[in-house]
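Top line first, the protein sequences correspond to chains X and S.
Heads up, the first sequence is in my numbering, so the first residue is 28 and it goes up one at a time.
Heads up, the second sequence is in my numbering, so the first residue is 28 and it goes up one at a time.
Cβ atoms here follow ideal geometry from the backbone N, Cα and C, with glycine treated the same way.
Quantities reported herein were computed from a predicted structural model and do not represent experimental measurements.
Here is the structure we will look at.
Number of protein chains: 2
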Amino acid sequence: MLTLTQRSESRRVKRAEQKLREFGADVVERIRRVEPPKLSVPSRSTSNIIYDEKSGFYTLGDKFGMRSAANVRQVKKFAQMLCAADFCKSLITSEKFATLREMYYTAEGWETGSFSDQAESNALVEDMEAAFGLKREDMGLMPEEDGAAVYGELVVREGDVRIDATKAGRAGYTIPPTIDDVEFLKCGAKRVLAVETMGMYHRLVQEEAWKKFNALIVGLKGQAARATRRFLKRANEELGLPVHIFTDGDPFGFHIAMVIISGSAKLAYINHELAVPNAEFIGVTASDIVEYDLPTDKLKECDIARLKQLQKDPRYNSEFWQTEIKKMLEIGKKAEQQAFSKYGLDYVVNEYLPSKLH
Amino acid sequence: MLTLTQRSESRRVKRAEQKLREFGADVVERIRRVEPPKLSVPSRSTSNIIYDEKSGFYTLGDKFGMRSAANVRQVKKFAQMLCAADFCKSLITSEKFATLREMYYTAEGWETGSFSDQAESNALVEDMEAAFGLKREDMGLMPEEDGAAVYGELVVREGDVRIDATKAGRAGYTIPPTIDDVEFLKCGAKRVLAVETMGMYHRLVQEEAWKKFNALIVGLKGQAARATRRFLKRANEELGLPVHIFTDGDPFGFHIAMVIISGSAKLAYINHELAVPNAEFIGVTASDIVEYDLPTDKLKECDIARLKQLQKDPRYNSEFWQTEIKKMLEIGKKAEQQAFSKYGLDYVVNEYLPSKLH
């Protein structure tokens, strides 16, 4: 069987285990030298989050802080990080995954004392991701939710199981939280067509858009989950597929696309594994609303405020986005992707998408 | 290949087509007799929603209203219903499905004039469901969202595609919005274990709880979607599987279970197709919180108010529920299903669930 992608998972896991071991060894070594154990952690504060024009996504600058067991205010946090690293190592060794919430509850049994709330244990995991240069998934921590639905000519392997994304049912193959564990075996598609709503996803599956456009149809279910973004990144890099994003014509839809393209500021420390800077927005624009005479809703106060924010956001600093945002503010209207049904259920597949994809 | 279930879908679709034809024929006949066309629609107002002790779920009483083309205030609505019925007939004939939102936008092209908002077109669909005794899905209208994830020994057929729910990937087989279109081919499981969160779903899949309990693991993703409820109903009736529901120990979790068991008041007109009155709650109770010494959160004001509502809700009128709700109010605490990880990730599979399932 042709394996398109290397089993990158085992390399990832080995690297994660190695990083955790190095951390442990460093702590032991410092204790032997009668020095306080410490760890340098890149700062995730706003002042250290930088939009990297060249790579096209948010990344961290070079500021960092020191977590030290010698600092009374940090000693509990440092001890918790040791316990968390140990927990992750045992996950890796036993080939298990746990959710952030399970780790939070597991900490009830740690000698260091438990976390006061989950925000605290989540922040600790983010510290570890930034400090070790690992995704939490590489350390055995998985997101709570599944990723998007995928339909089209893609065959993958999860463990011993081979899955054909045209034979997993109408609802498609669901991207698991453990996406880096998935091997791409075979891909007949030439592009990815990611759509915001499951309504549109089912429309495209029903109209056989995956055949017509030779595409993997991805149903994002709104804002893309981490696993979905990682899938899109891998499809783009490993399979060489261009990614097209079809969203509603409103500020929320624009941002769903932009987070896939340029990443979020909050995940700046990990965007190099998630962002797809060459992904293309083919969602509904203000120009489309006018040109197709679409059914619309009036922009709400919050839409207007959000659009004005986007105008100043460095990720939207291109002629295309500036023109379209300005135009949407002028016409004062937004439109959903399903609005094309005004012209019949298959209009979106027969007219709109072919025109957007050239 | 053994087909466990009759191809009920074709019967359903034929019945729906028949009902729509009868409606059309009746309208034509009345016009021929120079009478105004009209339709009797069961009332969905609160006063006509009755908790049926015997069947164990909410249902409609025998009040009804008359929609008449002779009434100036109803004529537009009546004409829209004719267009909607025609739209549904064409969906059935072309073997397509559309979302409620697509129908709303399609109505932009109707001669009757469009709907002022989607709430209006949704209400019209509910009128049709109640008047014709059909689910919207039978008329070709599908929910926007997919249903739950299923993992375990179940083989289904969707069209030409055969899907094994142990071979669809770790994220499982996704129940499609068109669940009545799915045939059950083979089932090796003896029960259904439906869990509230995807975190718990993935825990149970990972710990092979589906083997251990001979169960279909269903990940509800919070409040169960229509397609999920229909799946559970069919698994219970057609496959004869008992349904066990494992939720968080809080009023929201209780209600997720209760809506599966006894249906919602809002869908009283269709609960006979969705409710699973013999499903069993095995979620976290106030007694479990005490007995297992679980990590808890304090009840919020809104939790307390909600619990007090549940005390008066006829669906909770049993000794078990009254005792547990009272106890939860007394201890003032709630707990999540993942809280068992305090005792290790596999505790829930090795201890809690065996004890609850006897």
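Going along chain X in order, which residues have a C-beta closer than 9 Å to the C-beta of residue i?
i, result
"I287 (chain S)", "The contacting residues do not exist; I287 (chain S) stays about 20 Å from chain X at best."
"I190 (chain S)", "K194, A195 and G196"
"A176 (chain S)", "D173 and T201"
Note down the Cα distance separating residue i from residue j, rounded to an integer number of angstroms.
i, j, result
"A216 (chain S)", "V232 (chain S)", "14 Å"
"R71 (chain X)", "M93 (chain X)", "13 Å"
"E357 (chain X)", "S82 (chain X)", "32 Å"
"S67 (chain S)", "Q338 (chain X)", "53 Å"
"A111 (chain X)", "M130 (chain X)", "8 Å"
"T193 (chain X)", "I244 (chain X)", "10 Å"
"F159 (chain X)", "G186 (chain X)", "27 Å"
"A43 (chain X)", "G196 (chain X)", "35 Å"
"M28 (chain S)", "S141 (chain S)", "Low confidence applies here, because M28 (chain S) scores a pLDDT of 42, under 50, leaving its location unreliable and the question unanswered by this model."
"L294 (chain X)", "I288 (chain X)", "13 Å"
"L151 (chain X)", "F308 (chain X)", "34 Å"
"V182 (chain X)", "F105 (chain X)", "43 Å"
"R48 (chain S)", "K335 (chain S)", "47 Å"
"T133 (chain X)", "S117 (chain X)", "13 Å"
"Y374 (chain X)", "S368 (chain X)", "7 Å"
"E62 (chain X)", "S143 (chain X)", "29 Å"
"I58 (chain S)", "R163 (chain S)", "27 Å"
"A242 (chain X)", "M155 (chain X)", "37 Å"
"K354 (chain S)", "V99 (chain S)", "55 Å"
"C214 (chain X)", "E180 (chain S)", "28 Å"
"L145 (chain X)", "Q145 (chain S)", "According to the sequence displayed, residue 145 (chain X) carries Gln and not Leu. Roughly 38 Å between the two C-alpha positions."
"A254 (chain S)", "N344 (chain S)", "27 Å"
"A313 (chain X)", "R257 (chain S)", "40 Å"
"C329 (chain S)", "A306 (chain X)", "43 Å"
"S121 (chain S)", "G174 (chain S)", "24 Å"
"S37 (chain X)", "V209 (chain X)", "11 Å"
"Q33 (chain S)", "V40 (chain S)", "Only weak support is given to the placement of Q33 (chain S): the predicted model assigns it a pLDDT of 47, under 50, and the value that follows is read from those uncertain coordinates. Going by the C-alpha atoms only, they are around 13 Å apart."
For residue i, go through chain S and note every residue whose CB falls closer than 8 Å to its CB, in chain order.
i, result
"Q233 (chain X)", "K123 and F124"
"M169 (chain X)", "H229"
"E265 (chain X)", "By Cβ distance, chain S contributes nothing, its closest Cβ being about 18 Å from E265 (chain X), past 8 Å."
Just tell me which of the options has its CA closest to the CA of residue i.
i, options, result
"A362 (chain S)", "S:T350, S:P322 and S:Y343", "S:P322"
"L161 (chain S)", "S:D207, S:T193, S:G174 and S:G186", "S:D207"
"D89 (chain S)", "S:K103, S:A96, S:I77 and S:V270", "S:I77"
"K248 (chain X)", "S:E172, S:P304, S:L168 and S:D275", "S:E172"
"H299 (chain X)", "X:V286, X:E307 and X:F308", "X:V286"
"A251 (chain S)", "S:D79, S:Y374 and S:A221", "S:A221"
"P381 (chain X)", "X:K353, X:W237, X:G179 and X:L334", "X:W237"
"F211 (chain X)", "X:E164, X:M166, X:F240 and X:E265", "X:E265"
"L384 (chain S)", "S:F91, S:Y370 and S:P269", "S:P269"
"A176 (chain S)", "S:P278, S:V54, S:P204 and S:V55", "S:P204"
Name the chain S residues that come within less than 9 Å of residue i, Cβ to Cβ?
i, result
"E15 (chain X)", "This structure cannot speak to residue 15 (chain X), because chain X is shown only from 28 to 385."
On the premise that residue j lies in contact with residue i, defined as a C-beta separation below 8 Å, what is that separation, rounded to the nearest angstrom?
i, j, result
"L301 (chain X)", "G310 (chain X)", "The Cβ separation is near 20 Å, so there is no contact."
"G246 (chain S)", "G280 (chain S)", "That pair is no contact at about 14 Å."
"K325 (chain S)", "G359 (chain S)", "6 Å"
"K260 (chain X)", "V317 (chain X)", "Contact doesn't hold; Cβ gap of about 34 Å is too wide."
"L127 (chain S)", "L168 (chain S)", "6 Å"
"T274 (chain X)", "Q364 (chain X)", "7 Å"
Mapping DSSP to helix, strand and coil, what is residue i?
i, result
"G92 (chain X)", "strand"
"Y204 (chain S)", "The sequence given here has Pro at residue 204 (chain S), not Tyr. In the structure shown, P204 (chain S) sits in coil (DSSP, three-state: anything other than H, G, I, E or B)."
"R71 (chain X)", "coil"
"T193 (chain S)", "coil"
"A362 (chain X)", "strand"
"R12 (chain S)", "This structure cannot settle anything about residue 12 (chain S), because the visible part of chain S is limited to 28 through 385."
"E153 (chain S)", "helix"
"R57 (chain X)", "helix"
"Y319 (chain S)", "coil"
"F142 (chain S)", "coil"
"L266 (chain X)", "coil"
"K46 (chain X)", "helix"
"F240 (chain S)", "coil"
"V99 (chain X)", "coil"
At 7 Å on the CB atoms, spell out the chain X contacts of residue i, in chain order.
i, result
"Y132 (chain S)", "P322, Q365, A366, S368 and K369"
"P381 (chain S)", "Here the premise fails: no neighbours, minimum Cβ distance about 19 Å."
"P204 (chain S)", "H229"
"G136 (chain S)", "K369"
Starting from the beta carbon of residue i, find every residue of chain S whose beta carbon is closer than 7 Å, and list them in chain order.
i, result
"E172 (chain X)", "M225"
So residue i contacts chain X; which residues on that side make the cut at Cβ distance below 8 Å?
i, result
"L372 (chain S)", "K123, A125, E129 and T133"
"G140 (chain S)", "The premise fails here: G140 (chain S) is roughly 13 Å from chain X at the closest Cβ pair, so nothing lies under 8 Å."
"P69 (chain S)", "None at all; the shortest Cβ gap to chain X is about 28 Å."
If we define contact as Cβ-Cβ less than 7 Å, is residue i a contact residue for chain A?
i, result
"E185 (chain X)", "Included in the structure are the protein chains X and S, with no chain A among them."
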